[in-house]
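Going line by line, the protein sequences match chains A and B. For what it's worth, my numbering labels the leading residue of the first sequence as 1, then goes sequentially. For what it's worth, my numbering labels the leading residue of the second sequence as 352, then goes sequentially.
2 protein chains.
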Amino acid sequence: MPELRHDPIQKRWVIISVERGKRPRDFQLPPEVEKSGESCPFCEGHEDRTPPEIFAIRKKGSSPNGPGWEVRVIPNKFPALMIEGDLERKGMGVYDRMRGIGAHEVVIETPSHNLSMADMSVEHIVKVLDTYRLRWLDLKNDERFKYILIFKNHGAAAGASLSHSHSQIIATPITPKIVAIELESAKEHFMHKNRCLFCDILDYEMEKYERIIVSNNNFVAYAPYASRFPFEINIMPKRHNHNFAELTQEELLDFAEILKDILLRIKIGLRNPPFNFVLHTVPNVKAKPRRSFYWDTIEWDFHWHLEIIPRLTKIAGFEWGTGFYINPTPPEDAAKFLRDLSFYSKDVIVE
Amino acid sequence: MPELRHDPIQKRWVIISVERGKRPRDFQLPPEVEKSGESCPFCEGHEDRTPPEIFAIRKKGSSPNGPGWEVRVIPNKFPALMIEGDLERKGMGVYDRMRGIGAHEVVIETPSHNLSMADMSVEHIVKVLDTYRLRWLDLKNDERFKYILIFKNHGAAAGASLSHSHSQIIATPITPKIVAIELESAKEHFMHKNRCLFCDILDYEMEKYERIIVSNNNFVAYAPYASRFPFEINIMPKRHNHNFAELTQEELLDFAEILKDILLRIKIGLRNPPFNFVLHTVPNVKAKPRRSFYWDTIEWDFHWHLEIIPRLTKIAGFEWGTGFYINPTPPEDAAKFLRDLSFYSKDVIVE
C-alpha cells in the first residue's frame, strides 16, 4: 500500500510508492525501451495488454477494449496511489502520514505509435484536451480527492517510461505544494488589490511583449519573468477563469491550437528535447478538506494555466537541496528565439 | 550583469545569469569532458589556468598560485553572481528584481585529478571541511550576503562541469527558499514546544533505528522519513548547534569520518552514482535583512545538517511543476541496504 508522508522540516508531503520499485536496488523505473509498436501496450490492437479502459473516444461501432479508438484512458499499471480505501490519517511520533489513496490514470493520446503531440492535428489535440476535461469532471465527484493533476512527460529523460505518446492524471488527497503556493499568492493579491494576480501579469506581459512567444484570440504563451529553467513556458487563457474544466468549446479549440504551435516550436527549435507539462487549475472545490481556507471565495481565487518545462539543462540537482535556481537563459532571449523561428510552419509535420 | 528576479506567483527568487550561457541556443553549461589531467585547470601545476587563489592550505615553503597546495579556493570562472556593486532593489511593473550581487567560489578539494571525496583520507576531508568553515567565516563579514551556501555536485548528471573533485560556495543576497522553510519550521516547533525540531527528530530516529544508516560519537546519518528521492541521506550533529562554523575540532573529525563513510557506501553500494550535497546552516546573522524575522532568537532557531541526494531516478520533471514527489524506495529499505553493506570496509580504496 502506498503511503503519503509529511516532512515536518520542509513541510511537504511525499508519496512513498513501494509498488513502483521492488527492492532497494530497483530504484529505477523501467526505461523507455519500445522501439517498435510490436511490443507497445499502448498501440491499437494491443488493448488486452492494458487494464480495462475507463474512458475512450471511439469510432462508431467499435467496442470497449478493442481497436477503433482515438483517445483511450486506462488505470496506470504501476499506480503511485491506490483507488480503494480510506485515508486513515495518523501521527507517527514526530511525523504524519496517511494511506496513499488516489487515482492514477494514463491518457493514451493516439493509436499511432510514433505520433508526438506536436504532430497531431489540432482537431485531435482538442479530443485529448476534452478527455482531460471529462476525466477531471468525473474524478471530482470523489470527495477523497482534493486535487486532480494532469501532466505529461515527453522523453525518457523527462520520466516517460513508454515512448508512445501519453499523459497522466493523478488524483491526490492533498493539493501539491507549488499549486498551494500559487493559490495563496492569488488570494493575497486579490485581498490587497481586488484584482487577479494572473490577469495583472498577463496585462503587463502583453504591454511589454518581450516575453510573449505567441498568442491567439483566447490564449497567450509567454516565458515567465523569473523562469527557473531555459525555455520555461506558460500558456494562459485571456479570460479570467479559475477552472480548466469550465473552458468553452471555442476556448478548447484555441487552447489546442496554441499548444500545438508551442510544442512544434519546441520540437523544431530546440531539437525535440524531453519536456514536462503540468496543468494548474483549482483544487476539487466539492471536497471540503480540513485546514483549508482557499475555496470559500473560489471565483477570484485562481486563473488556470499550463506550465511547460523543456528539460535542457542538468543543473537542477543543487536546486533540489535549496529551492534556488540559476537560469543561464534570460526568458526574453528564449521568447525571442521561439517567436522568431523562421522555418516554422504549422502545416509541416516533422518526424 | 546577473540579476535576481522574483516570481510573484510561486514566490521565489531566481538567478538569471546571462554570463553563463551566451546565446539562447547555448543553454547547456559545458559538459564534463576532461578525461586526463593534462587539460584540467584544477590539477596541481596548472594554477595559472584559474583566477588567482582566494585561500589555500599549502605545504611549508610553497607560494600562492603555484604547486604545493592541498586544498585551494578560487573564484568561479563563470560566476552566477558578481562580487562588486550594490543590490539596487527595484520594482518592474508587477515584478521585483535586484542585481545579482554575491560571491561564487570553487573549492578544489585535492591536487589529484582522479581522487573522489569518498576515497580521500579522513585527515584530508577534515582539511576540506575546515576550508568550508574558514570561507564561511570570511564571507559572513560582507553584510550584503544574507546566506552562504556550501554544496557539491559529483558527476556530470549532477551538474559538475569538471570531473576533478571540487565543491562550490555561493554567497547570496537572499536565503534560499527551502532553507527559509526549514528555519520557519524550526521556529514554529520551538514556539509550541520549547524544543528543537531537529533534536526531536534525531531522538525519535535513534529510538526507532530503522532509518539510521550509521552514527559515531557526534554525528548520525539517516534516511529522512519523507525522503523525496531514493537514498536521500541527512547527516546531522548530535549536539544542538545552529551554526556549522561553530563545530569543535573533535566534531570536525567525526563529521569528516561519517561523511567519508557515507560517500563510500554510496559509491560502492550504488555504483558511483552522480550526487549532490548541500550544507544547511543559519543565515548570515550579522546581516540585517529587511522583511526578516528569524535571527533575533537565533540560538534555538536551527540545527545545521548536510543533505545528500544521489541522482538515481529520472522522475523529477513532473515534480518541478508541482513540488510533489513520488519516491519508489522506502527510506527504511534504503537505510537497511546502506547499513548492511557487507563488502564495505573503511580501508578499501576503490577507483
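We put the beta carbon where it would ideally sit given N, CA and C, even for glycine.
Residue span of the alpha helix (DSSP H) that contains A/Arg239, given as start and end: Run containing A/Arg239: none; DSSP gives neither H nor E here.
Compute the Euclidean distance between the alpha carbons of A/Phe55 and A/Leu129, then round it to the nearest angstrom. 13 Å
Assign B/Arg616 to one of three DSSP states: helix, strand, or coil. helix
What number of angstroms, rounded off, separates the C-alpha of A/His164 from the C-alpha of B/Met557? 46 Å
Between the region 175-188 of chain A and chain B, which residues of the former have CB atoms less than 7 Å from a CB of the latter, in chain order? Pro176, Lys177, Ile178, Val179, Ile181, Glu182, Ser185
Can you list, in chain order, the residues of its chain with a C-beta nearer than 6 Å to that of B/Cys394? Leave out the 5 residues immediately preceding and following it. Gly388, His464
Proximal residues of chain A, C-beta to C-beta of B/Leu466 below 8 Å: Here the premise fails: no neighbours, minimum Cβ distance about 21 Å.
Enumerate in chain order the residues of its own chain whose CB-to-CB distance from A/Ser17 is below 7 Å, with the five nearest sequence positions on each side excluded. Pro2, Ala80, Gly100
Quick check: the Cα distance between B/Pro418 and B/Glu398, rounded to an integer number of angstroms? 7 Å
Chain B partners of A/Trp320, CB-CB under 8 Å? Arg579, Phe580, Asn627, Ile660, Ala667
Just to confirm, are A/Val14 and B/Asn585 a CB contact at a threshold of 8 Å? no
Residues within the region 415-444 of chain B neighbouring chain A, beta-carbon criterion of under 8 Å: Ala431, Met443, Gly444
If you scan the region 191-257 of chain A from start to end, which runs of the beta strand (DSSP E) of 3 or more residues do you find wholly inside it? 212-215, 219-222, 233-237
N-terminal and C-terminal residue of the beta strand (DSSP E) that A/His303 is part of: No beta strand (DSSP E) contains A/His303, which DSSP labels as neither H nor E.
Straight-line CA distance for B/Lys441 to B/Thr673? 29 Å
Just mark A/Trp295 as buried or exposed, buried being the case when its beta carbon has 16 or more other beta carbons within 10 Å. Unreliable placement is indicated for A/Trp295, whose pLDDT of 46 sits below 50; the coordinate value is still reported in the next sentence. A/Trp295 should be labelled buried.
Considering only residues of the same chain and omitting the five flanking positions on each side of A/Leu137, which have a CB-CB separation below 8 Å? Ala245
Which of helix, strand or coil DSSP assigns to B/Val424: strand
Establish whether the CB of B/Tyr573 and some CB of chain A are separated by less than 8 Å. no
What number of angstroms, rounded off, separates the C-alpha of A/Glu250 from the C-alpha of B/Val636? 55 Å
Counting only Cβ pairs nearer than 7 Å, list the residues of chain B close to A/Gly323. Arg363, Pro527, Lys528, Ile529
Expected contact under 8 Å - CB spacing of B/His475 and B/Glu421 to nearest Å: 7 Å
Which residue from B/Thr523, B/Ser472, B/Lys491 puts its Cα closest to that of B/Met449? B/Thr523
To the nearest whole angstrom, what separates the beta carbons of A/Tyr95 and A/Pro8, a pair I think is in contact under 8 Å? 6 Å
So B/Ala469 contacts chain A; which residues on that side make the cut at Cβ distance below 7 Å? Near B/Ala469 there are no residues of chain A at all, since even the closest Cβ is about 17 Å away, more than 7 Å.
For chain B, find out if any of its Cβ atoms is closer than 8 Å to the Cβ of A/Pro103; answer yes or no. Before going on, a small fix: residue 103 of chain A reads as Ala here, not Pro. False, the Cβ-Cβ gap to chain B never drops below 8 Å.
Just verifying my parser: in three-state terms, what is the DSSP assignment at B/Lys611? helix
What residues from chain B crowd round A/Leu197, counting only those whose CB sits closer than 9 Å? Pro359, Ile360, Val445
State buried or exposed for B/Leu355, treating a residue as buried only when at least 16 other CB atoms are found within 10 Å of its CB. buried
Is it right to say A/Tyr222 is buried, meaning 16 or more other beta carbons lie within 10 angstroms of its own, or is it exposed? buried
Does A/Glu319 come out as helix, strand or coil in the three-state DSSP assignment? helix
Output the boundary residues of the alpha helix (DSSP H) element that contains B/Phe675. No alpha helix (DSSP H) holds B/Phe675; DSSP gives it neither H nor E.
Compare the C-alpha of A/Leu253 against each of A/Leu115, A/Pro75, A/Asn216 and name the closest. A/Asn216
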